[in-house]
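Using the numbering used here, the letters of the sequence shown map in sequence onto residues 374 to 850.
Ideal placement from N, C-alpha and C gives every residue a C-beta, glycine not left out.
Working notes, structure below.
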Amino acid sequence: MTLQSAENYQPNYKKQIEKFNELYIQTRSKYLVQFPGRYITMNKKHSERVFALNDSMLKKHLEGSLTYGIFNGGYFNKFITFDVDFPEHAMARWATLKLIDVLVRNFLIFRKDIHVSLSGNKGFHVDLFFDKPLPVEQVRQFYDRVIDKVGPLQGGQIEFRPSWTQGVKLPLGIHQVTKRRCWYVDNLTLEPIESFDYLLGVEPMDTTAVTDLDFGLTEEQTQEFEAVAAETNISVNVLDQSAALQKARRILEAGRLTESNTRHNTTFTLACFFNSQGFERAEAVEAIMEILLATPREYFSKGSTPDFWLKEAKRLVDYAYDHDLSLGNTGKPVKVYRSEILAILQAGTFKQKQMLFAMLVTSKRYGPTFYLTTSTAMKMIGTNSRETVQNAIKALVKKGYVEYRRKGEIDRARSLELGRPRYKPNKYRLLLDESAADEPSVEVTNESTVVEVARQLCDVKEIRKYVKRYEYEHRWR
């Protein structure tokens, strides 16, 4: 392809924009705009005044009047950018050439598939485009392997782009601080190719060079998945997860779908929810099927069958668990009050205290009525004994700290399928008195223990008042 210089050639914006859309654009709802002093993230889902990224904006980018950057869709990448960032241009050149050499020699990437552009400041962007979308974690693993081969870098770094939280500037625009055009460069010499035509010759590479795993999704299927995920708002990369969590709570309370034609979205949301609560895969599938089977048939599209629901439930649960997608507040600190800890101190044995503390945190994260399987409870209190868990919960119920909202209910459909009794996960509700808003409290995370929190909120005398001497000596000192 003969490249024409920028001095005497007006680019064919239509073809350029088509290439941007083919190679770079994954989501139009969230993007970056560069201004002389800073980048601003625009998100259409957070403001109705924000326009979706469109072809007219991409034209402005090529004209140089505005400069845009893009994010991935949250779950998949159709390309990777190695963002080479050094304070000195000479070091950035050296690191970029070393990176390219590693890609060619160690990872057998064809040089024709390595596309380098100026960042507009002192660095470079090294892009690889994929012939099918790849899960983000696979692309990230590839990046980690490459950086490991590149080795230590003094005074700078090579960063992974794009993700849902960290975008990357599109090439061929004007850097709004330095006012330099971000041309592509020759990947042997790093000399600028001052032409807009370069992009027209770029083609995606075979993804097997990056990963041996074929994920099996077409780009259309990936776009559908991204749309569902964005609509249900469940990714840990998404800033506001409250809507999806509230949706899950409503469905669990109702015990069935609450809106028609929402089976797919609901199944995916609940798969992530049950993963965050520590359910085993089979338990998650059973809980989802229980909800679907309890839903009136008119809520489903015509021709939709329970066999298909089960197949989809298994597929979406496997996806959520394989990619460790969690819903809502899994890692979010919750506030525990002094009166709650005093109640826990009086609960009985140390395991019962642990169990009540774990249930308290769970209820604060997922709502007053919550699921809890025996396997999840075992993990919560660090025991391999199902009997220990069951005895602890029975004791808490008997003492009035907890009540069953559902207990020992047989899943009839699943039992018939398996040929043996199969029980639905129990539901619980805490019966602790409501705390006063002005009483002492602490923020509690997944790593916090009942001992640590009690020590923060109570003095030694109070703890010893409720804890037997042997337990105190072995657990609390």
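For arginine 534, the CB contacts under 6 Å within the same chain, skipping 5 residues up- and downstream, are Thr454, Asp456 and Val541 in chain order.
In the three-state reduction of the DSSP assignment, glutamate 564 falls in the coil class.
For glycine 574 and phenylalanine 515, the gap between their C-alpha atoms comes out near 25 Å.
Fewer than three pairs of CB atoms, one per stretch, sit closer than 8 Å, so the segment 477 to 487 makes no contact with the segment 536 to 552. In summary, lysine 403 is buried, with 16 or more beta-carbon neighbours lying within 10 Å of its beta-carbon over all protein chains present. Between leucine 491 and cysteine 555, the C-beta gap is smaller than 7 Å, which places the two residues in contact. Glutamate 820 sits exposed, since fewer than 16 C-beta atoms from the chains shown fall within 10 Å of its C-beta.
A Cβ-Cβ distance of about 19 Å is found for the pair phenylalanine 723 and threonine 735, leaving them out of contact under the 8 Å criterion. Only residues of its own chain outside the window of five on either side were considered, and among them Phe459, Pro460, Glu461 and Met464 have a CB closer than 8 Å to the CB of glycine 528, listed in chain order.
In this structure, the beta-carbon distance from asparagine 634 to serine 674 falls below 7 Å.
C-alpha of lysine 800 to C-alpha of isoleucine 754: approximately 18 Å in a straight line.
Looking at the backbone, the Cα of lysine 772 and that of glutamate 713 are separated by about 15 Å.
DSSP, read as helix, strand or coil, puts isoleucine 473 in helix. DSSP, reduced to helix, strand and coil, places aspartate 456 within a strand of the structure shown. Taking the Cα positions, threonine 400 is about 10 Å away from asparagine 394. In the DSSP assignment, glutamate 816 falls outside any alpha helix (DSSP H) and within the unbroken beta strand (DSSP E) covering 814 to 817. Contact between serine 536 and valine 519 is ruled out by a C-beta separation of about 16 Å, above the 8 Å threshold. In the three-state scheme derived from DSSP, where H, G and I count as helix and E and B as strand, lysine 767 is classed as helix.
Check the Cα spacing between leucine 405 and each of Lys388, Ile390 and Thr440: the tightest is with Thr440. Taking threonine 640 as the centre and dropping the five residues before and after it, the same chain places the C-beta of Ile661, Glu685, Ala686 and Leu689 closer than 7 Å to its C-beta, in chain order.
For methionine 415, the enclosing beta strand (DSSP E) starts and ends at 412 to 416. Beyond the five residues adjoining it in sequence on each side, arginine 623 comes within less than 7 Å, by CB distance, of Thr631 in the same chain, given in chain order. Sixteen is the threshold: when 16 or more other Cβ atoms of the shown chains lie within 10 Å of the Cβ of proline 798, as they do, the residue is buried. In its chain, beyond the 5 residues on either side, Leu572, Leu573 and Val575 have a beta carbon closer than 8 Å to the beta carbon of lysine 392. It is roughly 15 Å from the alpha-carbon of arginine 654 to the alpha-carbon of lysine 752. Secondary structure of glycine 574 (DSSP, three-state): helix.
If only uninterrupted alpha helix (DSSP H) runs of at least 4 residues are considered, those enclosed by the segment 694 to 753 are 711 to 718 and 723 to 739. Restricting attention to Ser438, Val499 and His434, the CA atom closest to the CA of arginine 466 is found in Val499. Secondary structure at histidine 419: coil, using DSSP grouped into helix, strand and coil. Sequence-distant Cβ neighbours of cysteine 831 in its own chain, meaning closer than 8 Å and more than five residues away, are Arg711, Ile714, Leu715 and Leu718. The straight-line gap separating the alpha-carbon atoms of aspartate 559 and glycine 496 is approximately 14 Å. When C-alpha distances from methionine 415 are compared across Arg802, Arg793, Phe444 and Leu396, the shortest belongs to Phe444. If you check the CB distance, lysine 505 and threonine 580 come in under 7 Å.
Here asparagine 427 is not bridged, per DSSP, to any residue.
Here DSSP, grouped into helix, strand and coil, assigns asparagine 394 to helix. Contact check for arginine 411 against glycine 493 fails: the beta carbons are separated by 7 Å or more.
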